[in-house]
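Before any comments, here is the structure.
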Amino acid sequence: MLTKTKIYLSSPHMGGTEQKFVADAFSTNWIAPLGPHVDGFENDLKKYLGDNKYVAALSSGTASIHLALQLLNVSKGDEVLCQSFTFSASANPIIYQGATPVFIDSESDTWNMSPELLEIAIKDRIEKYKKPKAIIAVHLYGMPYKAKEINIIAKKYEIPVIEDSAEALGSTYFGQPCATLSDIGILSFNGNKIITTSGGGALITSTQNLKEKAVFLSTQARDNAPHYEHSSIGFNYRMSNVLAGIGRGQMEVIDDRVKARRQNFDFYKKNLSQFNTIEFLQEPQGFFSNRWITCIKTDSFETREQIRLKLLKDDIESRPLWKPMHMQAIFKDCLHFTNGTSEDLFDKGLCLPSGSNLSQEDLDRVLNNILKTPSL
Ligand SMILES: Cc1ncc(COP(=O)(O)O)c(C=O)c1O
374 MLTKTKIYLS SPHMGGTEQK FVADAFSTNW IAPLGPHVDG FENDLKKYLG
424 DNKYVAALSS GTASIHLALQ LLNVSKGDEV LCQSFTFSAS ANPIIYQGAT
474 PVFIDSESDT WNMSPELLEI AIKDRIEKYK KPKAIIAVHL YGMPYKAKEI
524 NIIAKKYEIP VIEDSAEALG STYFGQPCAT LSDIGILSFN GNKIITTSGG
574 GALITSTQNL KEKAVFLSTQ ARDNAPHYEH SSIGFNYRMS NVLAGIGRGQ
624 MEVIDDRVKA RRQNFDFYKK NLSQFNTIEF LQEPQGFFSN RWITCIKTDS
674 FETREQIRLK LLKDDIESRP LWKPMHMQAI FKDCLHFTNG TSEDLFDKGL
724 CLPSGSNLSQ EDLDRVLNNI LKTPSL
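So for the sequence shown, my numbering puts the first residue at 374; every next one is plus one.
Below, the structure is given as structure tokens:
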């Protein structure tokens, strides 16, 4: 009997040359959090993102956000403005630093940080406490946030922006790559991302000096001495040379991966947009999304659940959109500036299978299940 295989939301997709790089790491004995593949992967990313950028390959996207906060001297007593509609890893490092997150809701054009609410929050915090130390804005699901508007506000109040581009490698904003639109960008290469090193991340800066500081902190902050001398607290956050080898192989196929994810989006949109119970997020003019995950917004929680459960029954993974941070128990005491957008998206939204390795047969199977949902 032919058994159907599980369809995942977003699974790793190797390009074919990764093992060659990994084998090279073994044969040269560079089995360490440094080596030629770490340098090579950083160079590949630099080439992709722009020669005026500097890249530090790290152990995860979360570690990258944590180091970004360190580089901006965020500490106890500081507030950091963070997009509420995101994964908890965008906000957790604020807590690692002993600082306090203040959550900002999204706007409906991009589902990302509302520039309007951002400015309201900044004014409020300056009036009632002190100027926030940093802003963390997120290109969620690969859709760029309104960088121009956010940067204008950030500049006006002189607050640095950390650009959480964990989900947006391959996306561009008026031709400029996501992760390079602000003071410090971060990337993730977790297993579910558009390219993966199994686990990994990167910090993108505009100066060599800042990159060197990030590398210094990520390798236990060893001062220049023959023995182990430390004048600052360090971290063990550097990327392994073995995993960087996987990243080098993956960078060879990044363009194909973006193309395939965008094709998934086009397929779902073409076949589902005739239903007025389903909405897709459009790209505003000048915005280019890698369509890391294809998301739909339905007309109600009930429709969303019907679709999700229908898919689950056929062993197809789908997932409600991110539960906003201001609704999470871990952040229940945090201030938030909201307008209902992210709560509505959480209530009615669903992530559909979006891997670049889905076959046409897989996509048809997902679609046929959705089409059988009674409320469509
Ligand atoms: C928006 C966002 N920020 C941060 C992260 C953290 O990245 P990592 O899993 O590499 O730590 C992720 C993904 O996992 C993410 O989706």
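C-beta: ideal position from N, C-alpha, C; glycine also. A quick note: this is a predicted structure, and the numbers were derived from the prediction, not measured.
{"Asked": "How big is the Cα-Cα spacing for Ala702 and Pro409?", "Found": "43 Å"}
{"Asked": "Hey, is Val511 close to ligand 1, as in C-beta under 7 Å from one of its heavy atoms?", "Found": "yes"}
{"Asked": "For ligand 1, I want to know if Glu540 counts as a neighbour, meaning its beta carbon is within less than 7 Å of at least one of the ligand's heavy atoms.", "Found": "yes"}
{"Asked": "Could you check if Ala494 is buried or exposed, using at least 16 other CB atoms within 10 Å of its CB as the buried criterion?", "Found": "buried"}
{"Asked": "Can you check which of these residues, Tyr610, Lys721, Lys686 and Leu684, is closest to Glu675 by C-alpha distance?", "Found": "Lys721"}
{"Asked": "How big is the Cα-Cα spacing for Ser544 and Met516?", "Found": "7 Å"}
{"Asked": "Drop a sphere of 10 angstroms on the beta-carbon of Leu682, count the other beta-carbons inside from all chains shown, and report buried for 16 or more, exposed for fewer.", "Found": "exposed"}
{"Asked": "At what residues does the alpha helix (DSSP H) containing Thr676 begin and finish?", "Found": "Phe674 to Lys686"}
{"Asked": "Name the one or two DSSP bridge partners that Glu452 has.", "Found": "Thr473"}
{"Asked": "Considering Ile669, what are the terminal residues of the beta strand (DSSP E) in which it resides?", "Found": "Thr667 to Thr671"}
{"Asked": "Once the 5 residues before and after Leu621 are set aside, which same chain residues still bring their CB inside 7 Å of it?", "Found": "At residue 621 the sequence reads Arg, which differs from the Leu that was named. Correct list, in chain order: Phe394, His410, Gly413, Phe414 and Asp417."}
{"Asked": "Taking the beta carbon of Gly574 as the centre, do at least 16 other beta carbons fall within 10 Å, making it buried, or is it exposed?", "Found": "buried"}
{"Asked": "Within this structure, are the beta carbons of Val534 and Asn524 separated by less than 8 Å?", "Found": "yes"}
{"Asked": "Rounded to the nearest angstrom, what separates Tyr502 and Lys566 at their Cα positions?", "Found": "38 Å"}
{"Asked": "With respect to the alpha helix (DSSP H) encompassing Pro591, which residues constitute its N-terminal and C-terminal limits?", "Found": "A small fix is needed here, since residue 591 is Ser in this sequence, not Pro. Start and end: Gln581 to Ser591."}
{"Asked": "Rank Asp672, Gln392, Leu560 and Thr401 by C-alpha distance to the C-alpha of Asn649 and give the top, closest one.", "Found": "Asp672"}
{"Asked": "Between which two residues does the alpha helix (DSSP H) carrying Ser617 extend?", "Found": "Reading off the sequence, residue 617 comes out as Ala, not Ser. Its alpha helix (DSSP H) spans residues Asn614 to Met624."}
{"Asked": "Is any heavy atom of ligand 1 found at a distance shorter than 7 Å from the C-beta of Phe719?", "Found": "no"}
{"Asked": "Checking 8 Å against the spacing of the C-beta atoms, do Tyr518 and Cys668 come in under that value?", "Found": "no"}
{"Asked": "Is any heavy atom of ligand 1 found at a distance shorter than 7 Å from the C-beta of Phe460?", "Found": "yes"}
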